[in-house]
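Undergrad:
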Amino acid sequence: MTCENIKNVTIIGGTRGLGKWIANELIKEEFNVTITSRNKTSGEKIAKKINAQYSNDNIEAIENADLIIFSVPIENMTETIKDVAPYAPENSLLMDITSVKKEPSETLLKYSPKNTEILPCHPMFGPRVPSIEGQVIILTPDKDRSNKSFEIIKSFLEKKNAHVVVSTPEEHDKIMSVVQGITHFSYISIASTIKKLNISVKKSREFASPIYSLMLDMISRIVSQNPYLYYSIQKSNNETAISRKTFIDECIYLSKLIENGNEELFVENMSDSAKHLDEFEEALGRSDKAISILTNDLNVLKESIGKEIGVEHQYSKNVHIGVVDSVTADTVTLITDKNEKISLKISNINKLSDEELFNWKKNNSVLNEFDVSVIFPDRCNKNILLNMFKNIKPVINVELMDVYTGPQIKENYVSLTFHYSTFNKYDQNYVENYLKGIGGIIR
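Numbered by this note's numbering, the letters in the sequence shown go through residues 496 to 938 in order.
(1) What residue range is occupied by the uninterrupted beta strand (DSSP E) comprising LYS885?
(2) Going by the DSSP bridge assignment, what does LEU603 pair with across the sheet?
(3) Excluding the 5 residues preceding and the 5 following ILE816 in the sequence, name in chain order all residues of the same chain whose CB lies nearer than 6 Å to its CB.
(4) Please report the distance separating the alpha-carbon of GLY756 from that of ASP668.
(5) Among GLU520, VAL893, ASN919 and ASN924, whose alpha-carbon lies nearest the alpha-carbon of LEU911?
(6) Give the secondary structure of PRO568 by DSSP, where H, G and I count as helix, E and B as strand, and everything else as coil.
(7) Using a Cβ-Cβ cutoff of less than 8 Å, which residues in the same chain neighbour GLU525 once the five nearest sequence positions on both sides are dropped?
(8) Under 8 Å, with one C-beta from each stretch per pair, do the segment 704-720 and the segment 769-779 reach the 3-pair mark?
(9) If we define contact as Cβ-Cβ less than 8 Å, is ALA580 a contact residue for chain D?
(10) From the DSSP output, in three-state form, read off GLN923 for me.
(11) Assign ARG640 to buried or exposed, taking buried as 16 or more other Cβ atoms, counted over all protein chains shown, within 10 Å of its Cβ.
(12) Which class does LEU911 belong to by DSSP, given the choice of helix, strand or coil?
(13) In chain order, which beta strand (DSSP E) runs of at least 3 residues are fully inside the segment 784-855?
(14) Return helix, strand or coil for VAL893, following the three-state DSSP convention.
(15) From which residue to which residue does the beta strand (DSSP E) around TYR582 run?
(16) Assign PHE974 to buried or exposed, taking buried as 16 or more other Cβ atoms, counted over all protein chains shown, within 10 Å of its Cβ.
(17) Which two residues bound the contiguous beta strand (DSSP E) that contains SER456?
(18) Who does THR590 pair with in a DSSP beta bridge?
(19) Which value, in whole angstroms, describes the spacing of the CA atoms of GLU520 and LEU603?
(20) Sort MET710, MET671 and VAL660 by Cα distance to ILE683 and report the nearest one.
(21) To which residues does DSSP link CYS746 through a beta bridge?
(22) Taking all protein chains shown into account, decide if ARG938 is buried (16 or more other Cβ within 10 angstroms of its Cβ) or exposed.
(23) Since LEU829 contacts ILE837 with CB under 8 Å, what's their CB separation in whole angstroms?
(24) Who are the Cβ neighbours of ILE689 in its own chain at under 7 Å, not counting the five residues just before and after it?
(25) May I ask you to report which of helix, strand or coil DSSP gives ILE933?
(26) Which value, in whole angstroms, describes the spacing of the CA atoms of VAL869 and LEU862?
(27) From GLY538 to TYR549, what distance separates their C-alpha atoms?
(28) From ASN834, VAL624 and ASN813, pick the residue whose C-alpha is nearest to that of VAL819; which is it?
(29) Since ILE530 is in the beta strand (DSSP E), which residue starts that stretch and which ends it?
(30) For ASN642, count the other beta carbons within 10 Å of its own beta carbon; 16 or more makes it buried, fewer makes it exposed. Which is it?
(31) Considering only heavy atoms of the ligand HEM, does any lie closer than 7 Å to the CB of TYR748?
(32) Who are HIS617's beta bridge partners in DSSP?
(33) Is TYR810 near ASN859, with beta carbons less than 8 Å apart?
(34) Just grab the DSSP bridge partners of ASN503 for me.
(35) Under 8 Å, do VAL674 and LEU634 count as touching if we go by C-beta distance?
(36) Helix, strand or coil for THR917? Go by DSSP, reduced to three states.
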């Protein structure tokens, strides 16, 4: 099996979330993709939009599949594999992309035909990422049933610059009970506590250091997503129950140390934990970088007050162009060329570079077109003059349209006619003054 042999891909449950995201990416790679769902109306609509095939019959959908990807909710994964896997075509590859690995792996092994391969997988990202570049993807190959497919899929992902981690289902679930289980549970618990204490998050940010703001952003990122998914992640991994109980016990233990005034044991516990983490320098470096990014964006925008900038909304991808009117800790306000004010959350935008701003305006703005005839000594180098014209700041495009040396022009002089464009109609004066400044005479 090679990636060249994989032409037809069926994604069971590929009409939303990560399944839909994967379908989109594979279609860009020119795979033939079929997606399935129980809702035929919405399924057909989504399939048409992303240029995929659609079926509401899972068994029919995998008849000619070279690769079958199971992308259904965690609580439905085992039953879906049981229903569909036995009908997988000979030599096909079956993968699941759920965040739990032990039970789906066992189910794939048990119900997939012996002449197929299986490769359980856990992408450590959601459907909001722009690409898999730099993203972690965990593969848990089976020693007997992933012989052909493992290196092929691993190589394919690494060529896309994904960071591939190889594990076992058992190791995966144990580590995920901390990476996801405790992390999500603690964040959700903090959010619930803030609500219980009736603390205004907005007000608390006024008192806060960048570390607190960064933590709040991560908490908000988790609790604003699908709560059913996060309940499933807590419930479906048996290892998470153990880790969660240990976490709660430790919280109670540390709280009692404080209540009982046991400073020595508290300090000892914290010191031992720090030694176990053993990442002082790396952690400081990464957190300093994150804090620097938070404050740097704000400083750059403040320095741009009164200047024109372009920003792209990181989710909608809409581009907004305008002069920076004001900047607060959370928002930037732009005044557009139509004299309208737009306020945007700084956390949701990326500032365009000067080159990106120029190219966006060039491709999306209505340009102002001008012709100008300029007299120069006939010994002038026309190519040098044209290149100089191109570098006049407001000029977008320029062409040398005509060279004239007739009776209206003095001897030893030449008239050059240029056609050029600018963003602003008032730039015509700037351009003509520039040409006069280098010795040209406007006709």
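Ideal placement from N, C-alpha and C gives every residue a C-beta, glycine not left out.
TA: Walking through what the data contain:
(1) Segment 877-885 is the alpha helix (DSSP H) holding LYS885; no beta strand (DSSP E) there.
(2) According to DSSP, which records beta bridges pairwise, LEU603 is partnered with nothing at all.
(3) Around ILE816: GLY805.
(4) 37 Å
(5) Put simply, of GLU520, VAL893, ASN919 and ASN924 the residue whose alpha carbon is nearest the alpha carbon of LEU911 is VAL893.
(6) The answer is coil: DSSP assigns PRO568 none of H, G, I, E or B.
(7) none
(8) no
(9) Protein chain content of the structure displayed is limited to a single chain, and chain D is not contained in it.
(10) DSSP places GLN923 in helix when its eight states are reduced to three.
(11) With 16 or more other CB atoms across the displayed protein chains lying within 10 angstroms of its CB, ARG640 is buried.
(12) strand
(13) 803-808, 814-822, 826-830, 836-840 and 844-846
(14) strand
(15) No residue range can be given for TYR582, since it is assigned to no beta strand (DSSP E) and is classified by DSSP as neither H nor E.
(16) For residue 974 there is no data in the structure shown, the boundaries of the chain being 496 and 938.
(17) Because residue 456 is not part of the residues shown, which for the chain are 496 to 938, the question remains open.
(18) First, the amino acid is wrong: residue 590 is Met here, not Thr. Note: MET590 sits in a beta bridge opposite ILE564.
(19) 24 Å
(20) MET710
(21) BP columns for CYS746 are empty, so no partner.
(22) exposed
(23) 5 Å
(24) If the five residues before and after ILE689 are omitted, its C-beta is found closer than 7 Å to the C-beta atoms of VAL696, all from its own chain and listed in chain order.
(25) Correct three-state label for ILE933: coil.
(26) 22 Å
(27) 7 Å
(28) Nearest option by C-alpha distance: ASN834.
(29) 527-531
(30) exposed
(31) You won't find the ligand HEM in this model; it holds no ligand whatsoever.
(32) ILE633
(33) no
(34) ASN527
(35) no
(36) strand
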